[in-house]
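Trainee: Residue numbers (the working numbering), protein chains in the order written: chain A, 53 to 360; chain B, 53 to 360.
All C-beta atoms, glycine included, are put in the ideal place defined by N, C-alpha and C.
1) With distances taken Cα to Cα, identify the nearest neighbour of residue 96/B among 88/B, 146/B, 202/B, 134/B.
2) Less than 9 Å between the beta carbons of residue 98/A and residue 351/A, yes or no?
3) Hey, could you find the ends of the beta strand (DSSP E) residue 285/B is sitting in?
4) Is there at least one Cβ from chain B nearer than 9 Å to residue 299/A's Cβ?
5) Would you check if there are 3 or more beta carbon pairs closer than 8 Å linking the segment 119 to 139 of chain A to the segment 309 to 319 of chain A?
6) Rounded to whole angstroms, what's the CA-CA distance from residue 277/B to residue 117/B? Just pull it up for me.
7) Mind checking which residues open and close the alpha helix (DSSP H) that includes residue 67/B?
8) Does residue 339/B get closer than 9 Å to chain A when you measure Cβ to Cβ?
9) Examine chain A for any beta-carbon lying closer than 9 Å to the beta-carbon of residue 287/B, and answer yes or no.
10) What are the complete alpha helix (DSSP H) segments, minimum 4 residues, inside the segment 135 to 174 of chain B?
11) By DSSP's criteria, residue 249/A is part of a beta bridge. Which residues make up the other side?
12) Starting from residue 247/B, find everything on chain A with Cβ-Cβ shorter than 9 Å and list it in chain order.
13) Please classify residue 108/A: does DSSP put it in a helix, a strand, or coil?
14) Is it buried or exposed for residue 211/A, if we count other Cβ within 10 angstroms and need 16 for buried?
15) Using beta-carbon positions only, say whether residue 308/B and residue 279/B come within less than 9 Å of one another.
16) When Cβ atoms are compared, which residues of the segment 90 to 110 of chain A fall closer than 9 Å to chain B?
17) How many Å lie between residue 15/A and residue 139/B at the Cα?
18) Kindly identify the DSSP beta-bridge partner or partners of residue 219/A.
19) Counting pairs of Cβ atoms below 8 Å between the segment 292 to 310 of chain B and the segment 251 to 261 of chain A, do you hit three or more?
20) Is residue 261/A close to chain B, meaning its C-beta is less than 9 Å from at least one C-beta of that chain?
21) Would you call the segment 133 to 149 of chain A in contact with the segment 189 to 202 of chain A, where contact means no fewer than 3 C-beta pairs closer than 8 Å?
22) Below 9 Å between beta carbons: does that hold for residue 90/B and residue 228/A?
23) To the nearest whole angstrom, what separates the beta carbons of residue 217/B and residue 266/B, a pair I think is in contact under 8 Å?
24) By DSSP, does residue 63/A sit in helix, in strand, or in coil?
25) DSSP state of residue 121/A, grouped into three classes?
26) Who are the neighbours of residue 242/B on chain A, taking C-beta pairs under 9 Å?
27) If we cut at 9 Å on Cβ distances, does residue 44/B have a partner in chain A?
28) Pull the bridge partners of residue 310/B from the DSSP assignment, please.
29) Note down, in chain order, every chain A residue with its Cβ under 9 Å from the Cβ of residue 236/B.
30) Who does residue 93/A pair with in a DSSP beta bridge?
31) From this set, 173/A, 302/A, 214/A, which residue's C-alpha is nearest residue 161/A's C-alpha?
32) Per DSSP, residue 322/A is paired with what?
33) Considering only residues of the same chain and omitting the five flanking positions on each side of residue 326/B, which have a CB-CB separation below 6 Å?
34) Could you check if residue 356/B is buried or exposed, using at least 16 other CB atoms within 10 Å of its CB as the buried criterion?
35) Go ahead and pull the three-state DSSP assignment for residue 268/A.
36) Give me whichever residues DSSP pairs with residue 194/B in a beta bridge.
Written out as structure tokens, the structure reads:
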């Protein structure tokens, strides 16, 4: 390992070399792949790419915890099979409700307050809730190699963005602190907010209505809407990231498209399908197009910062 | 005028002093009004605030020019009274169509191509079209005092954003070059875009469907969606900016809310009502709340850079 290795948690090999080579290329002034600093845009999926997503998306744990907190004020929830399943921990019934059911649960827990109230609720939860397997704060389950990658790119004048199917206002609460990504560089799914003056005070109220789903074909749309330039580097881990990787690599010029493949059952989880996503067609396309695929077990000598 | 005056086009007086005092306050480390650099967010309306908006929004000139260019491919437009009015320069009939008519004209000229094609069309137009009164490029009609203000704020570690009712993709084409504001810091109205693979190439296609109207109550919503923090400084010129100014100044802590009042019929235009907007309730509220109001005629010793 060289002195001053910018990616010490990445083992030497073709994966690490593909990253280093790409960055060398776009930062070599006068070289054939040079990209001006202001156009060095890098986009990162969050769940499964920057932090874990098992046994289910961490935002769902927030939804379930929130429902348990709210339940005493909602005795009627006992009569709704889906809501009751959450309260009794019957995850089988919850899963059977599919994405539609989960969206309904998201709405009753994420709407009906101001944006500032929601940020406070989220901040309190993320500061105290613990992961069922690791018994650690969820923010401790961010991937150390990806943190190094974020910092390495920023040191090379990249602007780093999150582009996630997760809730934009959920992620913004912790993204700056744990990833060094400010709120204005977080793109995610959102519900509608409404501006109103309440008792003389201006407020943005969160409504139980979907505004934007930042997943699949939504990712390039969200990128264009928020950034307005095409990224030159994109990082994902599932089929929900496919279009983001296609968009990033679909232009002449140097680009890096990378998938994190979860192959380490000991240190993290090994899977190709999570409760709400899977890695299938994106992996096939990655092989066909020569995208970089991270084999977590073999490419990373450290997964989490808390490891010895 | 002091040496190294950061705002040389602003005359000495209470307007200029209110800006300087605000910036001194939020940048004085340890002082009661200090704001951390990452929270120094400043938002600027575009039409009538950063550049002129008379005889009508410059983007409308783009719409009308575009229709004239497209007309030979659309002989059927002659049979549509609104479209025909544009082609014959009958602005009275166009104005009678109101906002609804203009939105229709915007859709037929702004949709039906990829985002990259639209950017090229816009770039070509903005590089050649000339203002009817001044016979200058539209980008020459940006206000020199506001340029100085943008630079002064950035020198004090503010992040500057555009928040305009104008089209987000229209403004992004020139905002970086003329204002030093990168695409990812431009917020505006938008139409729906759709991701698709066309002949193996990923593309974002612009559809004739409104996505977001970034005006009035939409401005705080757009700010929250794109930035995720509340600005501490907001600059506008019409009632369409009222809610943005309310949101910016509606919190404890130091803030600057400023309205540009067009009072100079000689160097620019003097008006309180433009074809699609007016300055009425926002001016009343500015006086009640002590917001800063720029009297263009008396507060600016220079309006445009091309003046001697």
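Mentor: The relevant details are as follows:
1) For this step, residue 96/B is matched to residue 44 along the second chain. Nearest C-alpha to residue 96/B: 202/B.
2) On the first chain, residue 98/A is found 46 positions in, with the first residue counted as 1. On the first chain, residue 351/A is found 299 positions in, with the first residue counted as 1. Result no, Cβ atoms of residue 98/A and residue 351/A do not sit closer than 9 Å.
3) Stepping through the second chain from its first residue, residue 285/B is reached at position 233. Per DSSP, residue 285/B belongs to the beta strand (DSSP E) from 285 to 288.
4) Counted from its first residue, the first chain places residue 299/A at position 247. It does; some Cβ of chain B falls within 9 Å.
5) no
6) Within the second chain, residue 277/B is the residue found at index 225, counting from 1. Within the second chain, residue 117/B is the residue found at index 65, counting from 1. Rounded to the nearest angstrom, the two C-alpha atoms are 32 Å apart.
7) For the purposes of this step, residue 67/B is identified with residue 15 of the second chain, where counting begins at 1. Start and end: 66 to 79.
8) Position 287 of the second chain, counted from the first residue, corresponds to residue 339/B. Cβ-Cβ to chain A under 9 Å: no for residue 339/B.
9) The residue labelled residue 287/B in the question sits at position 235 within the second chain. No, its Cβ sits nowhere closer than 9 Å to a Cβ of chain A.
10) 143 to 148, 150 to 162
11) On the first chain, residue 249/A is found 197 positions in, with the first residue counted as 1. Note: residue 249/A is bridge-paired with 254/A in the DSSP secondary-structure output.
12) Within the second chain, residue 247/B is the residue found at index 195, counting from 1. 268, 269, 270, 271, 272, 273, 276, 295, 298, 299, listed in chain order.
13) Locating residue 108/A in the first chain gives position 56, counting from the first residue. Residue 108/A: coil per DSSP, three-state reduction.
14) For the purposes of this step, residue 211/A is taken as residue 159 along the first chain, with counting starting at 1. Burial call: buried.
15) If you number the second chain from 1, residue 308/B lands on position 256. If you number the second chain from 1, residue 279/B lands on position 227. No. Outside cutoff.
16) From the segment 90 to 110 of chain A, only 90, 93 have a Cβ closer than 9 Å to chain B.
17) In this structure chain A extends from 53 to 360, so residue 15/A is not present and cannot be described.
18) One-based indexing of the first chain puts residue 219/A at position 167. DSSP lists 241/A as partners of residue 219/A.
19) yes
20) By one-based count along the first chain, residue 261/A stands at place 209. So no, residue 261/A is outside the interface.
21) Too few Cβ pairs lie closer than 8 Å, so no.
22) For this step, residue 90/B is matched to residue 38 along the second chain. For this step, residue 228/A is matched to residue 176 along the first chain. A contact, by the Cβ cut-off of 9 Å.
23) Numbered from its first residue, the second chain carries residue 217/B at position 165. Numbered from its first residue, the second chain carries residue 266/B at position 214. That pair is a contact at about 6 Å.
24) Your numbering for residue 63/A matches position 11 in the first chain. Residue state, collapsed to three classes: coil.
25) Numbered from 1 along the first chain, position 69 holds the residue referred to as residue 121/A. It is helical.
26) On the second chain, position 190 is the one that residue 242/B refers to. Chain-order list of chain A residues neighbouring residue 242/B: 277, by C-beta distance under 9 Å.
27) Given that chain B is displayed from residue 53 to residue 360, the structure contains no residue 44/B and the question cannot be resolved.
28) Working through the second chain from its first residue, we reach residue 310/B at position 258. Residue 310/B is bridged to 287/B, 344/B.
29) Numbered from 1 along the second chain, position 184 holds the residue referred to as residue 236/B. What residue 236/B touches in chain A: 93, 211, 213, 236, 237, 278, 279, 280, 281.
30) What you label residue 93/A is simply residue 41 of the first chain in a count that begins at 1. Its beta-bridge partners are 211/A.
31) In the first chain, the residue the question calls residue 161/A occupies position 109. Closest by alpha carbon: 173/A.
32) On the first chain, residue 322/A is found 270 positions in, with the first residue counted as 1. Note: residue 322/A sits in a beta bridge opposite 315/A.
33) Translated into the one-based positions of the second chain, residue 326/B becomes position 274. Correct list, in chain order: 105.
34) One-based indexing of the second chain puts residue 356/B at position 304. Residue 356/B is buried by the Cβ-count criterion.
35) Here residue 268/A is taken as the residue at index 216 of the first chain, counted from 1. Here residue 268/A sits in coil by DSSP.
36) Here residue 194/B refers to the residue found at position 142 when the second chain is read from its first residue. Its beta-bridge partners are 103/B.
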